[in-house]
Amino acid sequence: MFFRQIKYRGDNFSYIIADEAAGEAVVVDPSFNVDAIILVLKDQNFNLKYVIDTHGHSDHTAGNEELRSAFHSKIVAHKLSHVNKDIGVVDGDIICVGAIKIKVLHTPGHTPDSICLLTDGKLLTGDTLFVGECGRTDLPGGSAKDMYNSLLQKIAKLDDNLEVYPGHDYGPFPNSTIAKEKQTNYTLQNRTLQQFIQFMQTP
Ligand SMILES: [Fe+2]
């Protein structure tokens, strides 16, 4: 599997996942990195099948339309997303690129439409989980209660060996693992729902 993390402009991470044998690729969160993404896609001669948005915030969806028109790709986002999408997905859906399967996990909290993407030992976490941090819940549509369920009841219960690839370069490292985050990320410490809500409200 071809996997590339790209940070070209700003601190947003974009991702290219591709089946090299099939020549098919997806881009996750084009953000402001489209120029760098197109260089890789052309260099590798990949056909860009899907653009997947981890949520609808503009710093992640910037570049959607440029990629759609350049490659005739389909835009994929959670069905609750206001993104101008071709395909709406829900929890448990599988997105196929060549022989690669990408599983959708619905992880609301930062936004109602936030998703994480699970493929080949890797979890792309968008703005739900960062290295050493979690996403804000004080923006429109945010919910500390939903974030608690997504982080503590869902993500923290996944395989410890999964590699974590976040939507922004906010931490000391560009990627991590579930085990490392459970040990070191203060947002994943053992808390009750009430304690977590209070924690998220404390500046
Ligand atoms: Fe966001």
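Numbering of the sequence shown is given in the working numbering, commencing with residue -5 and proceeding in unit increments. Beta carbons are placed, not taken as given, at the ideal position from N, Cα and C, and that holds for glycine.
Local conformation of residue i per DSSP, three classes
i      : result
TYR44  : strand
ASN6   : strand
ARG62  : helix
LEU113 : The identity of residue 113 in the sequence shown is Thr, whereas the question assumes Leu. DSSP places THR113 in strand when its eight states are reduced to three.
GLU175 : helix
ILE28  : The identity of residue 28 in the sequence shown is Val, whereas the question assumes Ile. Reduced to three states, the DSSP call for VAL28 is helix.
TYR142 : helix
VAL70  : strand
VAL125 : coil
LEU187 : helix
THR181 : helix
HIS54  : helix
ALA12  : strand
LYS148 : helix
LYS36  : helix
Test item: CB-CB of residue i and residue j under 9 Å
i      : j      : result
ALA56  : SER75  : no
PHE65  : HIS162 : no
THR122 : GLY103 : yes
LEU182 : CYS110 : no
ASN179 : VAL125 : yes
THR119 : PRO160 : yes
VAL83  : ILE11  : no
VAL98  : GLY86  : yes
ASN184 : THR171 : no
ILE88  : LYS68  : no
Anticipated Cβ contact below 8 Å, residue i with residue j, distance rounded
i      : j      : result
THR101 : LYS148 : 6 Å
LYS43  : ALA19  : 7 Å
ASP23  : HIS54  : 4 Å
ARG3   : ASN27  : 6 Å
Closest by C-alpha distance to residue i, when choosing among the options
i      : options                       : result
ILE31  : ALA15, GLU60, ALA16           : GLU60
LEU146 : TYR159, ALA173, ASP132, LYS36 : ALA173
GLN188 : ARG3, MET(-5), ILE11, SER137  : SER137
LYS176 : GLU157, MET194, SER52, PHE193 : GLU157
ALA93  : GLY115, VAL77, ASP13          : ASP13
GLN203 : LEU133, ASN155, ASN27, THR113 : No answer is possible for residue 203: the residues shown for the chain start at -5 and end at 197.
ASP199 : THR113, ILE191, GLN192        : This structure cannot speak to residue 199, because the chain is shown only from -5 to 197.
VAL21  : VAL70, SER52, ASP5            : VAL70
PRO106 : VAL77, ILE96, LEU117, LYS95   : VAL77
ILE96  : TYR9, PHE193, ILE191          : TYR9
- Message: Tell me whether the segment 156 to 169 and the segment 131 to 147 touch, counting them as touching only if at least three CB pairs, one residue from each stretch, are closer than 8 Å.
- Response: no
- Can at least three beta-carbon pairs, one atom from the segment -4 to 3 and one from the segment 45 to 64, be found at a separation below 8 Å? no
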